[in-house]
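Residue 192 in my numbering sits at position 180 of the sequence shown, and the numbers go up by one each step.
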Amino acid sequence: MLSKVAERIYWAARYLERAESTARLLTIYDKLLFDLPRQVDLSWYNLIVINSLEADFNERYSVRDERNVVKFLLGDDSNPSSLVCSLKALRENIRTTRDVIPPETWEMVNELTLFVQENLNQGISRRNRHEFLDSVIKACQQIIGLWFVSMPRDSAWDMLLLGQNLERADMTTRNLDAGVATLMEVEDDDFAVNARQIIWGNVLRSLNAEQPYRRAARSSVKGHLVASYLIGDECFPRTLSFCLSTMSDVVTKLPRNKDVLNFLKGMQKELPGCSETDEPGEEFRDTLNSLQLALGDLHSVIGTTWFMSESV
Numbered sequence: 013m014l015s016k017v018a019e020r021i022y023w024a025a026r027y028l029e030r031a032e033s034t035a036r037l038l039t040i041y042d043k044l045l046f047d048l049p050r051q052v053d054l055s056w057y058n059l060i061v062i063n064s065l066e067a068d069f070n071e072r073y074s075v076r077d078e079r080n081v082v083k084f085l086l087g088d089d090s091n092p093s094s095l096v097c098s099l100k101a102l103r104e105n106i107r108t109t110r111d112v113i114p115p116e117t118w119e120m121v122n123e124l125t126l127f128v129q130e131n132l133n134q135g136i137s138r139r140n141r142h143e144f145l146d147s148v149i150k151a152c153q154q155i156i157g158l159w160f161v162s163m164p165r166d167s168a169w170d171m172l173l174l175g176q177n178l179e180r181a182d183m184t185t186r187n188l189d190a191g192v193a194t195l196m197e198v199e200d201d202d203f204a205v206n207a208r209q210i211i212w213g214n215v216l217r218s219l220n221a222e223q224p225y226r227r228a229a230r231s232s233v234k235g236h237l238v239a240s241y242l243i244g245d246e247c248f249p250r251t252l253s254f255c256l257s258t259m260s261d262v263v264t265k266l267p268r269n270k271d272v273l274n275f276l277k278g279m280q281k282e283l284p285g286c287s288e289t290d291e292p293g294e295e296f297r298d299t300l301n302s303l304q305l306a307l308g309d310l311h312s313v314i315g316t317t318w319f320m321s322e323s324v
């Protein structure tokens with residue numbers, strides 16, 4: 013496979029996962045609006061900080077309110093990580109790789125792109141936001157389902173899994189960060205104990221992880237157990253441990269894999285320490301930030317290994 017084709021498949025998987033994960037991240041705050049007491053004033057700007065988009069946002073907006081944050085994350089063309097920009101990049105990468113991707117993908121991506129363009133205001137306004145985000149998540153899952161049942165398990169599939177799991181691991185850390193950031197806002201209030209369960213329950217539900225968590229932990233929803241589960245569980249597809257393990261399995265089948273495989277093994281060795289944490293707080297946010305930086309370095313190693321040469 014030509015390296016440029018491999019890179020486009022890798023990025024197609026990342027952009028699809030990013031579109032879904034952006035919708036999931038906003039879902040946490042959207043649901044917390046209804047679950048937390050009215051006197052809680054959620055800082056939507058936390059979502060900008062979590063995604064390391066402060067400079068871009070502040071250049072564009074002077075008011076850090078809910079509407080501007082949601083608009084920036086969903087429909088702002090100046091934000092390369094927005095839902096609209098992710099879908100645009102996804103569409104371009106699919107357009108140029110239709111000979112190795114199931115042909116129905118092109119139609120489904122176009123339908124999703126049109127849906128978002130035509131209904132973007134529903135996502136920005138609070139009234140219909142849940143329905144809009146839910147539709148985006150389901151459409152992304154349909155495309156992923158098509159890939160899983162239709163693609164040969166060849167080099168194209170390996171590149172797809174690499175991109176998907178790297179992006180998924182990164183966004184799981186950001187969902188966790190969103191939960192910690194919200195919790196720190198209400199920690200000193202009278203209802204902090206109840207708020208903890210509400211917040212962490214929403215983090216789990218935003219990742220479709222509540223039922224798997226309860227089966228694995230056999231406990232009520234507690235912050236340190238949720239953090240341990242979403243980092244260290246080896247069976248649930250959105251945990252960091254599962255994503256890194258999947259990437260390791262994929263990399264072993266690819267040529268010139270030594271550098272990437274060693275990097276992945278190093279990250280896997282550090283995860284058990286990250287999963288054994290007390291009630292998550294500022295120190296845990298630093299841990300999540302370190303994991304995000306490591307995932308960025310992993311992307312660089314992958315690019316240097318396979319996307320700079322003529323073939324994979």
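From the three backbone atoms N, C-alpha and C, an ideal C-beta is built for every residue, glycine too.
Tell me the rounded alpha-carbon separation between phenylalanine 84 and arginine 30.
So the alpha carbons of these two residues sit roughly 15 Å apart.
Relative to the alpha-carbon of threonine 108, which residue among Gln280, Leu14, Thr317 and Thr34 has its alpha-carbon at the smallest distance?
When each option's Cα is compared against that of threonine 108, the closest is Leu14.
If you drop the 5 nearest sequence neighbours on each side, which residues of the same chain put their C-beta closer than 7 Å to that of threonine 317?
Once the five neighbours on either side are set aside, the close Cβ partners of threonine 317 are Arg268, Asp271 and Val272.
Does the distance from the C-beta atom of cysteine 255 to that of asparagine 187 stay below 8 Å?
In this structure, asparagine 187 does not lie closer than 8 Å to cysteine 255 by Cβ.
Name, in chain order, the residues that DSSP records as bridge partners for leucine 38.
For leucine 38, which the question treats as bridged, DSSP gives no partner whatsoever.
Counting pairs of Cβ atoms below 8 Å between the stretch 208–222 and the stretch 231–244, do you hit three or more?
The stretch 208–222, when compared against the stretch 231–244, does touch it at the 8 Å Cβ threshold.
Please return the same chain residues whose Cβ sits closer than 6 Å to the Cβ of threonine 39, not counting the five positions on each side in sequence.
For threonine 39, where only same-chain residues beyond five positions count, the Cβ hits under 6 Å are Leu145 and Ser218.
Can you give the Cα-Cα distance for asparagine 140 and asparagine 274, rounded to whole angstroms?
So the alpha carbons of these two residues sit roughly 46 Å apart.
Could you tell me the alpha carbon to alpha carbon distance between aspartate 325 and glutamate 143, rounded to whole angstroms?
The question about residue 325 has no answer here: the residues shown for the chain are numbered 13 through 324.
Which same chain residues, not among the five before or five after threonine 117, have their C-beta less than 8 Å away from its C-beta?
Answer for threonine 117: Ile106, Arg110, Ile155, Leu158 and Trp159, listed in chain order.
Under the rule that 16 or more other beta-carbon atoms within 10 Å means buried, what is valine 192, buried or exposed?
Buried: at least 16 other Cβ atoms inside 10 Å.
Take the Cβ of cysteine 286 as the centre, count every other Cβ of all protein chains shown within 10 Å, and call the residue buried at 16 or more, exposed below.
Unreliable positioning characterises cysteine 286 in this predicted model, as indicated by a pLDDT of 46, which lies under 50. The coordinate reading is nonetheless provided below. Counting Cβ neighbours within 10 Å, cysteine 286 comes out buried, since at least 16 surround it.
What is the DSSP secondary structure of threonine 125, counted as helix, strand or coil?
Reduced to three states, the DSSP call for threonine 125 is helix.
With DSSP collapsed to three states, give me the class of leucine 252.
Three-state DSSP puts leucine 252 in a helix.
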